[in-house]
Amino acid sequence: MPDAIVAHALAKRYGRIDALQDLTLRVARGECLGFLGPNGAGKSTAVKMLVGLVRPTGGAAEVLGKPVGDRATRARIGYLPELFRYPDWLAAREVLAFHARLLRLNDAARAVDLVLLEVGLSERAGDRVGTFSKGMQQRLGLAVALLGEPEIVFLDEPTSALDPVGRSDVRALIERLRARDTTVFLNSHLLGEVERVCDRVCVVDRGRVIAQGTVDALTGQTRGVRVRSDDGWRDYDVAHAEIPGLVARLVADGVRIHAVEPKQTTLEDRFLALVRHE
Amino acid sequence: MTVLLFAGLTLRELARRRLVAAVALLTLAIVAFTAWGLHRLATAVVDGAPIAEPGVRATAAGIVILLAFLFSFVLALGAALVGAPAMAESIANGEILAVLARPVRRADVALGRWLGTLVALAIYVAVAGGVELLVVQIMTGYAPPQPLGALAYLCCLAGIVTTAAVALATRLPALAAGIVAALLFGLAWIGGIIESIGLALGNQRLADAGTVVALVFPTDAFWRGAVYSLQPAVFATVTVNATSNGGGVNPFAVTSPPPVPILAWAFGWVVIMLVAGIMSFRTRDL
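Structural data, given as structure tokens:
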């Protein structure tokens, strides 16, 4: 079975501006990739190229083994755009029914009910989109993306309009997708979210990939240890292998230790270091 | 068929956004006003005597052409202001992104929007135009020689403006596409007058300039076709005589139906514009 996404030197140029340069990446089936970068880094352009909305000016890419934009393959893809918008004069169920017809789903009514339930919109299914809050519209966008059980889902900032409860729901949703072996391409500014749900991360800046690897590989470097004693928390700048010796020495010195935490680089620390070129 | 899906969506949107209700109410008001005016004409007393029936009918024939003239402008504006947003707004506000990520041809979206707008306008022409002609007949006894032909010509006129609006809206914002399409219609109307003046004065350059405009935006042939279908035969005879005697040019009376090659070109023009619009939309980054 081919990889879910294979991109080689994918590039997009608008006039003199390189929106994306040399994007080379591979996403395996069932994998969750976090696609990170500051504003204007080229993240949404990359997603739009992979779903066939923007034509690359360089390189090539395949999604589910077919060149990007392949019409039949698009039936196996779900996409939540960053600027999600659905006709405000239609009810949520009508929006989904329209997309179900575009997908030519056999049991459209059941498929619509399932995704409404999945995103927590069942009770508002008959209400017009125009009466929805931004968060509810984003939930509807997620439902549209999940319709027809796609093999790969591109989520471009899926939690930008959601409150903490909504964000937690989306995290749970992504975990359910992973459990079903659905590939998830997650474009998000919320690094904590990415760190929690993604297997791998790709960081882009000014149109170029500046780092990619597993979350562990990017965040796993320890920078010493934090020790809580009767006097509170205190940092010690020691290597990972020196931690047991440090603890033994403190105990021998009569320090009452309550907790020991290795100080790990968070994805946010790593991301900021990368985009600030530190 | 996906084209029909998008055409249906366009029609549903027009109905849900209360445009249909608003247009229906305004049309009713216009019909009522026309009926009142025609009633006053039919029952008017001049020099102590009612106007003779032939006089009432001749006046009614003139009024019908004036009404058709106003109706053609309303149609052209309607085609521009409905067709352009039907295509451009979903692009501008991002609604199209999730749709085009589906297994959908961009051509189907453009053709569906075009077809939906065209069907809406055709229904409007049939209902509003049909009711107006019926009211004229009831109030004055005048029936144009080819009412269905006139309505068909007006539908085609609206179809050309719709085609331009939708094709332009694959690249331009709704407002710009709508205004350009409406202005092109106005330009074509002026081009038709220039052509008539050229022919009447025997000035080939003027006539050729009008012909060029008619080829670039071929609505005037359909306006002339509508007038020819609505006017009594005597109008054409009077116009022929006036023109041959060096009289003025009258855009509200024509001497012959539009030539078949011009009508054929107009249908070819619609196909060319649709293909151009689709090609433009297919290559557009969203």
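These protein sequence lines map, in sequence, to chains B and R.
Everything in the first sequence is counted per our numbering, starting at 20 for the first residue and increasing by one.
Everything in the second sequence is counted per our numbering, starting at 166 for the first residue and increasing by one.
We put the beta carbon where it would ideally sit given N, CA and C, even for glycine.
For residue j and residue i, the rounded distance between their alpha carbons
i               : j               : result
L240 of chain R : A116 of chain B : 33 Å
A172 of chain R : E260 of chain R : 16 Å
I195 of chain R : E297 of chain R : 9 Å
G411 of chain R : Y33 of chain B  : Note that G411 of chain R scores a pLDDT of 49, beneath 50, so its modelled location is shaky; the value from the coordinates is reported in the next line. Distance between the alpha carbons of G411 of chain R and Y33 of chain B is about 60 Å.
C51 of chain B  : R447 of chain R : 31 Å
T201 of chain B : G277 of chain R : 33 Å
A79 of chain B  : G49 of chain B  : 22 Å
K67 of chain B  : A60 of chain B  : 14 Å
M166 of chain R : G433 of chain R : 24 Å
V234 of chain B : C217 of chain B : 7 Å
P263 of chain B : K282 of chain B : 14 Å
V228 of chain B : A271 of chain B : 49 Å
V138 of chain B : L159 of chain B : 7 Å
E254 of chain R : A339 of chain R : 6 Å
E101 of chain B : R245 of chain B : 39 Å
S207 of chain B : T178 of chain B : 8 Å
Q157 of chain B : V189 of chain B : 10 Å
V274 of chain R : A293 of chain R : 28 Å
Y289 of chain R : A365 of chain R : 35 Å
Span of the beta strand (DSSP E), counted from its first residue to its last, around residue i
i               : result
E194 of chain B : No beta strand (DSSP E) contains E194 of chain B, which is instead part of the alpha helix (DSSP H) from P183 to A198.
V175 of chain B : Looking at the sequence itself, residue 175 of chain B is Asp, so the reference to Val does not match. Unbroken beta strand (DSSP E) run through D175 of chain B: I171 to D175.
Q283 of chain B : I276 to Q283
For residue i: DSSP bridge partner residues
i               : result
D37 of chain B  : B:R32
A80 of chain B  : B:A26
T202 of chain B : B:I171
G53 of chain B  : B:L205 and B:V220
V244 of chain B : B:Y255 and B:P281
K85 of chain B  : B:V82
V73 of chain B  : Partner(s): none; V73 of chain B has no beta bridge.
V210 of chain R : R:P215
Any non-hydrogen atom of the ligand GDP within 7 Å of residue i CB
i              : result
R45 of chain B : In terms of ligand content, the structure shown is empty, and the ligand GDP therefore cannot be addressed.
Residue i vs residue j beta-carbon contact at 8 Å
i               : j               : result
G232 of chain B : G185 of chain B : no
D146 of chain B : A91 of chain B  : no
F54 of chain B  : F151 of chain B : no
A119 of chain B : L166 of chain B : yes
L280 of chain R : G343 of chain R : no
L42 of chain B  : A23 of chain B  : no
G356 of chain R : A379 of chain R : yes
L520 of chain R : P309 of chain R : Within the shown structure, residues of chain R are numbered from 166 to 451, placing residue 520 of chain R beyond reach of any answer.
Under the three-state DSSP convention, the category residue i falls into
i               : result
H259 of chain B : helix
T43 of chain B  : strand
A217 of chain R : coil
G367 of chain R : coil
G264 of chain B : helix
W108 of chain B : coil
Y307 of chain R : coil
P268 of chain R : coil
S255 of chain R : helix
F382 of chain R : coil
G412 of chain R : Low per-residue confidence applies at G412 of chain R: pLDDT is 49, beneath 50, and the placement is therefore not dependable enough to give any value.
P250 of chain R : helix
R205 of chain R : helix
R147 of chain B : strand
L184 of chain R : helix
G61 of chain B  : coil
Extent of the continuous alpha helix (DSSP H) run through residue i
i               : result
F290 of chain B : L286 to V294
A230 of chain B : Counting along the chain, A230 of chain B falls outside any alpha helix (DSSP H), though it belongs to the beta strand (DSSP E) covering R227 to T233.
G97 of chain B  : Per DSSP, G97 of chain B belongs to no alpha helix (DSSP H); it is in the beta strand (DSSP E), I96 to L99.
C321 of chain R : P312 to A334
G433 of chain R : V425 to R447
D132 of chain B : A127 to V138
G154 of chain B : K153 to L165
T167 of chain R : T167 to R181
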